[in-house]
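Asker: Handing you this structure, nothing more for now.
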Ligand SMILES: Nc1ncnc2c1ncn2[C@@H]1O[C@H](COP(=O)(O)OP(=O)(O)OP(=O)(O)O)[C@@H](O)[C@H]1O
Ligand SMILES: [Mg+2]
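Protein chains in written order, with my numbering: chain A, 1 to 335; chain B, 336 to 670; chain C, 671 to 1237.
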């Protein structure tokens, strides 16, 4: 397993390098200019100066190499300097966002917490809703409960989050006035009061995303359960005279969870990716909102860095999913 | 046979297993698959009853309904004095140790995430209050009985060969000292060389432990080898139920004749004169069986009456039961 | 006796109450929300209005503009004029006198050196200063003494109120930005995000593209202001969400730029928690006519250049007919509601500068048809489309992808179709359209279409530089890498000549007359530009926020020091 992991990690390096180049070229070739959002009142020569100041007029490979150096050397070393008080890369230019002129990693650092808290909680809530629904729906296939569960799932993945989110806002914020519609990223949880406030402001985005997550995962759970339910070994377990609970929970559920766990693991990078629409809608201003904002502003360094980090996470969690599969399913061994 | 002195261990009367078919948007009940449609037979203690027939004729369904892995639509299944078809779930669980099943696909019938020891000892956990040590002893004892090396106790099913897996399946079935075992095509998934080993093992165990088998197969030669009596099924019903030698020497039912004409004769003289009866037409759907005799659509000897009146299984010769209008009217029914 | 004192005390307290807000920091927190989050607090490094407005609560110019477009002193004792000797007779210099005892929020004194530095900062060629035009024509900025700033121009300057005027050109603190000149400008993250200013508030916390936290500036020049102890600007989301947070849930006090469909405006108003306010500046949604031929059959390099005049639109009758067929009131109703009004001018304001041209407001379909007939465009084959010399009257009409613009395109296409014009619509990604990439065929400058629609505005109430766009020399062409603001390639010596006089005219009334004439030359006289809607910025504020005075000529937060909590 260890050699397998190492081999996969080594193999990932060239793949990721190629991915980074592809992303860079794609982002660069995408139409639009970092100056598109500058008002028309700014004359062309000033625009040109601004572009030069950004370094955006350099040839693409020069910018790519610079980005590589910044990403793989300057940024990690900046972190190192920060920890150990050294000054190895002091004064060297970090990856700066064109839009805000702030270091991209500082922005990511500011934004990751709320993304992880909100989107992560929504993911957990989604899983916690989805598993029981999926299990029971499969166990009582075509029952009333299953029909309701199917309806719930259909709504969950056919209704876009901007719609369900707005609906929730109108019901819970405008009519009932229970929850705020704008997430206060500056809120620090220090006492019971602020904790309650945090819970309240998370309620709507978490509900919106949780519903969508629960919909997909509950479907996976249900179909995986159904697959296993008709397997002979389940019949064997019944024939053994095992209690129905044992049959469902120990035999069917454990085997059904294997693919579901991997699906869940594969979904984790999307937590880091944030939820573009939901974050925007509720002003969570996490990574997703940063990405979409950067795309709109043609903020190439930001888009490139985020996209590459997602690529790394996706590769990483694919590996983790594979390893988990190996751990959970004795039939799979990577030696 | 009605007045045979030892009481039958298994007494099946008019067993019906109909699976509902749902169709349409609202999943209305649109009909039913009459997988088993009025089957009656007895099995004496220590006897092996062979059950043969084409694929899809309902053999497995009979086996599963017998062990209440399906809840039968109608009929009774008295095993060792209790009607399994109507037992309460709790009483049924208590009853399970007396009746067990060996499945066709040894791979699918073993939980892939449990070790061999766990699989064999699970029913012991459920039905005994033995200590761990005692259970392990029993596991080892069973492994010895089916000819598996004790060292394999902690391996997972996928780490065994097909033949070994079927031995595990048998050991598991034996764990609780059953009296009656349904063997549902236990050798169909195995290599020819291993088939004989497993069948010999089953015979061996029967001799040593006084087991009673329902041996389901479409391998007529193997049935001839192991069964004392043989029931031939066609489209959810028994066409003929006869002692093995009688049946193989002189099948009475036209369907049995056709089926057996396909079996190669060990005697070269008879093999030379063997004439295959080729049936034409498709097997009708069990959801929509023909009126009258259900074999009338393909029977080479069909006559008018067959299309209107359903023949009943009747004893036409000593110990031989046939459901066919060719054999006149006797009022005796099976059993 | 006791009761009497109690009552008197109560009465006194009551009488004093309205004055209570005249004390710094007693009204708690004011919460603003912007649909686009603030990226940076340094207006010299951004083109984003959101950033400039947010920064205006912290950084101040020497002089600002009132909602009427009138200059008011901010950090100076008075507005320099020729009369008070602040502007030299030959119009080549302007001298500003700083207020006495003026302090930065960190307690240090504001001096003329800060102004000199700010000029250096924005004019450093490597700095990429986005407000460089504000300092255009400035030959030098000197500190005559600690509180006297002399700006010298390279020649006579008719409008000397550009440098250090309005939220676009505030003062930076030399001490803080000293190390940030030129190429180092973008790397000074802390200074750019938390600039030290003289405004009513100072930044206490900044997260990029998310939140700006501010507190009352303890050294603000008016000891009684601001009334609010803290201020917060939360960014992100969309216009509707921002408007809702003020108008329906009451979570925020002020939402900038809440341009939402007219029906939604109505339903939000019904909640009774706040009101919409509109700042009408000079933003005009218009259709620009191409005077050159964009025919793809022409060789690249000649296509859409002055070499080939437009085969259809060169005729003023056709251009006028197209304008007459449009019902601008319907456009406003459909697209903007309270946030817009019909207009026939490129310069719709401020009052005094805007021409009284209203001839286009009423739709005149019959007149339009007659004009086309006159021009020789007749439907000779009865297919509903006019033709002339075997050529169909076909028009390619492009704009950016934007729901309102697509509504406009559909409506206008209907009207033009009624006129007998075959209209082809095209919508382009705004990033590409405004991106200015000379390699892309779809930029608004290349104008590979017959007509195109977008909005533009003058950045200052005095439209001199804005009107300069329509000079011949500003036409985009292959020689200029397709840069230039004269999108229509409009070119008449009369316009250029009249424009030249504007630069030398100093009398305000005379300037206004010239500006109106120039406006009419490109609009009603030539129909080169067909203005449609005078667009305002729709903002919302809660009923409990007092003192808001919407301003189109400066930052909307221009008087944030005067805002207070209505009790
Ligand atoms: N759970 C079920 N639901 C609906 N129909 C079923 C179900 N199980 C079996 N059937 C149908 O009942 C009929 C008999 O099936 P069964 O599995 O008993 O056949 P079989 O004789 O064992 O065949 P084989 O030799 O292929 O194993 C088939 O037509 C099958 O489609
Ligand atoms: Mg079967």
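Even for Gly, the Cβ is constructed at its ideal location relative to N, Cα and C. Note that the structure is predicted; figures quoted are calculated from it, not measured.
In whole angstroms, what is the alpha-carbon distance linking residue 511(B) and residue 467(B)?
Answerer: Position 176 of the second chain, counting from 1, holds the residue named residue 511(B). Position 132 of the second chain, counting from 1, holds the residue named residue 467(B). Those two C-alpha atoms are separated by around 15 angstroms.
Asker: State buried or exposed for residue 1178(C), treating a residue as buried only when at least 16 other CB atoms are found within 10 Å of its CB.
Answerer: Locating residue 1178(C) in the third chain gives position 508, counting from the first residue. Exposed, because fewer than 16 other Cβ atoms sit within 10 Å of the Cβ of residue 1178(C).
Asker: Which of helix, strand or coil does DSSP assign to residue 850(C)?
Answerer: For the purposes of this step, residue 850(C) is identified with residue 180 of the third chain, where counting begins at 1. In this structure, residue 850(C) counts as helix in the three-state DSSP scheme.
Asker: So residue 887(C) packs on residue 875(C), CB below 8 angstroms; how close in whole Å?
Answerer: Taking the first residue of the third chain as 1, we reach residue 887(C) at position 217. Taking the first residue of the third chain as 1, we reach residue 875(C) at position 205. So it is not a contact: roughly 15 angstroms between Cβ atoms.
Asker: I'd like to know if residue 921(C) contacts chain A, where contact means its C-beta is closer than 8 angstroms to some C-beta of that chain.
Answerer: Along the third chain, one-based indexing puts residue 921(C) at 251. Taking Cβ atoms only, chain A reaches closer than 8 angstroms to residue 921(C), which makes this a yes.
Asker: To the nearest angstrom, how far is the alpha carbon of residue 136(A) from that of residue 256(A)?
Answerer: The residue you call residue 136(A) lines up with position 136 of the first chain. The residue you call residue 256(A) lines up with position 256 of the first chain. So the alpha carbons of these two residues sit roughly 13 angstroms apart.
Asker: Please determine, among 793(C), 831(C) and 731(C), the residue with the shortest C-alpha to C-alpha distance to residue 774(C).
Answerer: Taking the third chain and counting its residues from 1, the one referred to as residue 774(C) is at position 104. It is 731(C) whose Cα lies nearest to the Cα of residue 774(C).
Asker: Take every Cβ of the stretch 521-529 of chain B, pair it with every Cβ of the stretch 351-367 of chain B, and state whether three or more of those distances are shorter than 8 angstroms.
Answerer: Counting Cβ pairs under 8 angstroms, fewer than three are found: no touch.
Asker: Return yes when the C-beta of residue 385(B) is under 7 angstroms from any heavy atom of ligand 1, and no when it is not.
Answerer: Mapped onto the second chain, residue 385(B) falls at position 50. The answer is no for residue 385(B).
Asker: Find the nearest neighbour of residue 506(B) within the set 451(B), 408(B), 589(B) and 490(B), judged by alpha-carbon distance.
Answerer: The residue you call residue 506(B) lines up with position 171 of the second chain. Residue 451(B) is the option with its Cα nearest to residue 506(B).
Asker: Can you give the Cα-Cα distance for residue 751(C) and residue 895(C), rounded to whole angstroms?
Answerer: The residue given as residue 751(C) occupies position 81 in the third chain. The residue given as residue 895(C) occupies position 225 in the third chain. Rounded to the nearest angstrom, the two C-alpha atoms are 29 angstroms apart.
Asker: Touch check for the stretch 267-276 of chain A and the stretch 165-178 of chain A: three-plus C-beta pairs under 8 angstroms?
Answerer: At 8 angstroms Cβ cutoff, the stretches do not touch.
Asker: What is the C-beta distance between residue 873(C) and residue 728(C), in whole angstroms, given that I count them as a contact (C-beta under 8 angstroms)?
Answerer: For the purposes of this step, residue 873(C) is taken as residue 203 along the third chain, with counting starting at 1. For the purposes of this step, residue 728(C) is taken as residue 58 along the third chain, with counting starting at 1. Rounded, the Cβ-Cβ distance is 6 angstroms, consistent with contact.
Asker: One question on the structure: do residue 561(B) and residue 537(B) come within less than 8 angstroms of each other, judged by their Cβ atoms?
Answerer: The count along the second chain starts at 1 and reaches residue 561(B) at position 226. The count along the second chain starts at 1 and reaches residue 537(B) at position 202. For residue 561(B) and residue 537(B), yes; Cβs fall inside 8 angstroms.
Asker: Does residue 640(B) pass the burial test, meaning 16 or more other C-beta atoms within 10 Å, or should it be called exposed?
Answerer: Here residue 640(B) corresponds to residue number 305 of the second chain, with the count starting at 1. Classification of residue 640(B): exposed, given that the 10 Å Cβ count is below 16.
Asker: Residues in the same chain with beta-carbon distance under 7 angstroms from residue 222(A), minus the five sequence neighbours each way, listed in chain order, please.
Answerer: Counting from 1 along the first chain, the entry for residue 222(A) is found at position 222. The answer, listed in chain order, is 134, 137 and 138.
Asker: Based on DSSP bridge pairs, tell me the residues matched to residue 1212(C).
Answerer: Here the question's residue 1212(C) lines up with position 542 in the third chain. Beta-bridge pairing links residue 1212(C) to 944(C).
Asker: List the residues of chain A that residue 832(C) touches, going by C-beta distances under 7 angstroms, in chain order.
Answerer: As a first step, residue 832(C) must be located in the third chain, where it is residue number 162. In chain order: nothing, as chain A lies at least about 12 angstroms away.
Asker: Please state the DSSP three-state secondary structure of residue 1157(C).
Answerer: As a first step, residue 1157(C) must be located in the third chain, where it is residue number 487. Residue 1157(C): coil per DSSP, three-state reduction.
Asker: Is it right to say residue 1053(C) is buried, meaning 16 or more other beta carbons lie within 10 angstroms of its own, or is it exposed?
Answerer: Counting from 1 along the third chain, the entry for residue 1053(C) is found at position 383. Exposed, since its Cβ has fewer than 16 Cβ neighbours within 10 Å.
Asker: I want to verify the contact list: residues of chain A whose CB lies under 9 angstroms from the CB of residue 904(C), in sequence order.
Answerer: If you number the third chain from 1, residue 904(C) lands on position 234. Ordered by position in chain A, the residues that pass the 9 angstroms Cβ test against residue 904(C) are 182, 183, 184, 185, 186, 283 and 285.
Asker: Counting contacts by CB-CB distance shorter than 8 angstroms, is residue 1122(C) in contact with chain A?
Answerer: Translated into the one-based positions of the third chain, residue 1122(C) becomes position 452. Not one chain A Cβ lies under 8 angstroms of residue 1122(C).
Asker: Residues of chain A with CB under 7 angstroms from residue 402(B), in chain order?
Answerer: Translated into the one-based positions of the second chain, residue 402(B) becomes position 67. The answer, in chain order, is 239.
Asker: Could you round the C-beta distance between residue 434(B) and residue 515(B) to whole angstroms and report it? I think they count as a contact, below 8 angstroms.
Answerer: Position 99 of the second chain, counted from the first residue, corresponds to residue 434(B). Position 180 of the second chain, counted from the first residue, corresponds to residue 515(B). Right, the Cβ-Cβ distance comes to about 5 angstroms (below 8 angstroms), so this counts as a contact.
Asker: Going by the C-beta, is residue 621(B) closer than 7 angstroms to any heavy atom of ligand 1?
Answerer: Along the second chain, read from residue 1 onward, the residue named residue 621(B) stands at position 286. Indeed, a heavy atom of ligand 1 lies less than 7 angstroms from the Cβ.
Asker: If contacts are defined as beta-carbon pairs under 8 angstroms, then residue 814(C) and residue 782(C) qualify, I think. What distance do you get, rounded to the angstrom?
Answerer: Against the third chain, residue 814(C) aligns to sequence position 144. Against the third chain, residue 782(C) aligns to sequence position 112. The pair is a contact, with the Cβ atoms about 7 angstroms apart (cut-off 8 angstroms).
Asker: So what's residue 1191(C) in DSSP terms, helix, strand or just coil?
Answerer: Numbered from its first residue, the third chain carries residue 1191(C) at position 521. Of the three classes helix, strand and coil, the one that applies to residue 1191(C) here is helix, per DSSP.
Asker: Just to check, is the beta-carbon of residue 390(B) closer than 7 angstroms to a non-hydrogen atom of ligand 1?
Answerer: Position 55 of the second chain, counting from 1, holds the residue named residue 390(B). At least one heavy atom of ligand 1 is nearer than 7 angstroms to the Cβ of residue 390(B), so yes.
Asker: Based on the DSSP secondary-structure assignment, which residues constitute the bridge partners of residue 1126(C)?
Answerer: Start at 1 with the first residue of the third chain, and residue 1126(C) comes out as number 456. DSSP output for residue 1126(C) lists 954(C) as bridge partner(s).
Asker: May I ask whether a heavy atom of ligand 1 can be found less than 7 angstroms away from the beta carbon of residue 409(B)?
Answerer: Within the second chain, numbered from 1, the residue matching residue 409(B) stands at position 74. Residue 409(B): no, Cβ never under 7 angstroms from ligand 1.
Asker: Spell out whether any CB of chain C is found under 8 angstroms from the CB atom of residue 201(A).
Answerer: To locate residue 201(A), count along the first chain from 1; it is residue 201. No, because no Cβ of chain C sits closer than 8 angstroms to the Cβ of residue 201(A).
Asker: I need the DSSP call for residue 12(A), collapsed to helix, strand or coil.
Answerer: Numbered from its first residue, the first chain carries residue 12(A) at position 12. If DSSP states are grouped into helix, strand and coil, residue 12(A) belongs with the helices.
Asker: Judging by CA-CA distance, which residue of 898(C), 726(C) and 1056(C) is the nearest neighbour of residue 1065(C)?
Answerer: In the third chain, the residue the question calls residue 1065(C) occupies position 395. Comparing Cα-Cα distances from residue 1065(C) to each of 898(C), 726(C) and 1056(C), the minimum goes to 1056(C).
Asker: Which residues does DSSP list as the beta-bridge partners of residue 959(C)?
Answerer: Within the third chain, the letter at position 289 stands for residue 959(C). 1121(C).
Asker: Under a CB-based cut-off of 8 angstroms, is residue 154(A) close to chain C?
Answerer: In the first chain, the residue the question calls residue 154(A) occupies position 154. Judged by the 8 angstroms Cβ criterion, residue 154(A) is not in contact with chain C.
Asker: Can you find a C-beta in chain B that's less than 8 angstroms from the C-beta of residue 235(A)?
Answerer: The count along the first chain starts at 1 and reaches residue 235(A) at position 235. Closer than 8 angstroms: yes.
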